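For the sequence shown, counting from 1, position 107 maps to 191 in my numbering; every step adds exactly one.
First comes the structure, then the notes that go with it.
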Amino acid sequence: MSTQTNKKSSAKSFTEKRPVLAVVLIEALLFIAVFMAGAYATIKELSVSAPILISYIPIAAVLAIYYTLKRKWGFYGFRSLSSIPKGDWGYYLPLLAVLVIIALKGFRQIEASEVLFYLGFTLLVGFVEESIYRGLIVNILRPKSVRTAVITSSVLFGVTHVLSVLSGQDAFQTVLQIVYALLLGGALALLMIRNRNILPLILFHFLHNFIQYVGNDNSDAYLGIDLAILALLAAYCVWLALSLRRTPLPGAAGQGINSIQ
């Protein structure tokens with residue numbers, strides 16, 4: 085009996101044996117990559133988007149190679165949209181509402197080349213950040229508990245936005261952005277737990293960032309809209325959390341869960 089137990093233990097991956105350490109390493113590596121890219125971009129006097137491009141392109145390549153070699157695309161949520169139950173599509177409607185509200189700020193005049201750049205840029209960001217926070221981190225911590233997976237991934241997602249302080253953004257807007265990231269991260273993590281499909285989350289993240297980049301950037305003039313979105317996201321998180329408590333869902337190992345533990 086002990087021999088079989090030892091074999092099962094040895095067969096576990098590093099993320100299964102040390103999930104907390106694995107998450108710390110993932111977040112640390114992301115910070116180091118972005119920091120080094122930012123330092124390089126500053127020295128070379130590159131554009132403000134350069135640090136993300138320099139750091140995220142190799143990260144995206146590593147993620148794609150890892151998913152392919154380990155055959156983990158499906159495990160980390162890259163599944164057919166048909167895998168989402170028809171009755172669950174209603175849970176994504178508030179995300180559509182967020183996009184509509186953001187679009188109400190209007191759009192600035194930009195050239196076609198800039199639009200194409202932001203399309204590629206925001207798709208890259210959506211893939212990398214959703215893969216890390218809702219793909220890797222949520223799935224690594226899910227066996228510990230749903231609560232741990234959701235809260236940790238959301239907090240880490242919010243912490244990354246502290247870097248906005250370094251870009252000259254005022255403190256009030258930074259606080260709003262952190263709270264916004266926490267609530268949005270919580271909602272996306274809960275959706276990932278519910279349906280284990282990351283594609284709608286990447287699509288939302290991509291469209292969300294794209295609308296923001298091509299939209300009006302006068303944040304002070306649209307404070308009311310920002311606060312409305314925060315209220316919507318707070319209610320959205322509560323709704324999703326309560327829905328998980330009421331509905332039996334497949335766990336990470338195929339077992340049912342009836343509550344957020």
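Note that beta-carbon positions come from the ideal geometry of N, C-alpha and C, so glycine has one too.
If you're wondering where the values come from, they're calculated on a predicted model, not measured in any experiment.
Going by C-alpha to C-alpha distance, which of G299, E111, A134 and F205 sits closest to A121?
What you label residue 121 is simply residue 37 of the sequence shown in a count that begins at 1. Selected option, being the one with the closest Cα: A134.
Starting from the C-beta of R163, find all residues in its chain whose C-beta is less than 6 Å away, skip the five residues before and the five after it, and write them out in chain order.
Counting from 1 along the sequence shown, the entry for residue 163 is found at position 79. These residues qualify, in order along the chain: N281.
With which residues is G299 paired in a DSSP beta bridge?
Residue numbering aside, residue 299 sits at position 215 when the sequence shown is read from its first letter. Paired residue(s): F191.
When we look at the beta-carbon of T49 and count the other beta-carbons within 10 Å, is it buried (16 or more) or exposed?
With the chain running from 85 to 345 in the structure shown, residue 49 is simply not present.
Do the CB positions of L274 and C321 come within less than 9 Å of each other?
Here residue 274 refers to the residue found at position 190 when the sequence shown is read from its first residue. Here residue 321 refers to the residue found at position 237 when the sequence shown is read from its first residue. Closer than 9 Å, so yes.
For N281, name the three-state secondary structure that DSSP assigns.
What you label residue 281 is simply residue 197 of the sequence shown in a count that begins at 1. N281: coil per DSSP, three-state reduction.
Is R155 helix, strand or coil when you go by DSSP?
Position 71 of the sequence shown, counting from 1, holds the residue named residue 155. R155 falls in the coil class under three-state DSSP.
Measure the CB-CB distance between S139 and L179 and report whether it falls below 9 Å.
Translated into the one-based positions of the sequence shown, residue 139 becomes position 55. Translated into the one-based positions of the sequence shown, residue 179 becomes position 95. Not closer than 9 Å, so no.
Cα-Cα separation, K96 to K156:
Working through the sequence shown from its first residue, we reach residue 96 at position 12. Working through the sequence shown from its first residue, we reach residue 156 at position 72. Near 15 Å, if we compare the C-alpha coordinates of K156 and K96.
Can you tell which of A145, I143, A144 and V118 has its C-alpha closest to the C-alpha of V132?
Counted from its first residue, the sequence shown places residue 132 at position 48. Of the candidates A145, I143, A144 and V118, the one whose C-alpha sits nearest the C-alpha of V132 is V118.
Excluding five sequence neighbours on each side, which residues of the same chain lie with their C-beta closer than 8 Å to the C-beta of I313?
As a first step, residue 313 must be located in the sequence shown, where it is residue number 229. Excluding residues within five positions, the ones whose Cβ falls inside 8 Å are V182, I185, I186 and Y264.
For Y150, the three-state DSSP class (helix, strand or coil):
Start at 1 with the first residue of the sequence shown, and residue 150 comes out as number 66. Three-state result, Y150: helix.
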